[in-house]
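Student: Following this message is one structure expressed as structure tokens.
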């Protein structure tokens, strides 16, 4: 296996992009192998590494299907529903609490009233 070419931060050749850069252009790697990597040096820590893909071999992002959108909507609704009082909290319930804020701290609500 050959070693990947390593480029310094902001000095990668044209025609290569990271996953985020591909996504911003509406593309995805599409199964292609990593062709290079880019390193961003940091003081007293190991460098940040990002893998680069060829833009010309990238494929368009798959469109969102109605079934996938419905599944995402159900998942997000479940994250907002309090399991204790069964109401929509209007926000994603913190995993640390496990319930909405009024259910987690009922004493604070009584003091505020």
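Residue numbers (the working numbering): 41 to 153.
Glycine included, every Cβ here is placed at the ideal spot set by N, Cα and C.
1) Answer with buried or exposed for residue 147, where buried requires no fewer than 16 other C-beta atoms within 10 angstroms of its C-beta.
2) CA-CA distance, residue 125 and residue 142?
3) Once you ignore the five residues that flank residue 78 on each side, which residues in its own chain have a CB closer than 7 Å to its CB?
4) Leaving out five residues on either side along the sequence, give the residues of the same chain with a beta carbon under 6 Å from the beta carbon of residue 74.
5) Helix, strand or coil for residue 41 per DSSP?
6) Could you give the residue range of the beta strand (DSSP E) that holds residue 92?
Tutor: Inspection of the coordinates gives the following:
1) Numbered from 1 along the chain shown, position 107 holds the residue referred to as residue 147. Exposed is the call here.
2) What you label residue 125 is simply residue 85 of the chain shown in a count that begins at 1. What you label residue 142 is simply residue 102 of the chain shown in a count that begins at 1. Each residue's Cα considered, the two are about 10 Å apart.
3) Taking the first residue of the chain shown as position 1, residue 78 is located at position 38. These residues qualify, in order along the chain: 47, 49, 52, 90, 92.
4) Here residue 74 is taken as the residue at index 34 of the chain shown, counted from 1. Around residue 74: 91.
5) In the chain shown, counting from the first residue as 1, residue 41 sits at position 1. Below a pLDDT of 50, predicted positions are generally treated as unreliable, and residue 41, at 49, falls in that range; no measurement from the model is reported.
6) For the purposes of this step, residue 92 is taken as residue 52 along the chain shown, with counting starting at 1. Segment 85-94, the beta strand (DSSP E) holding residue 92.
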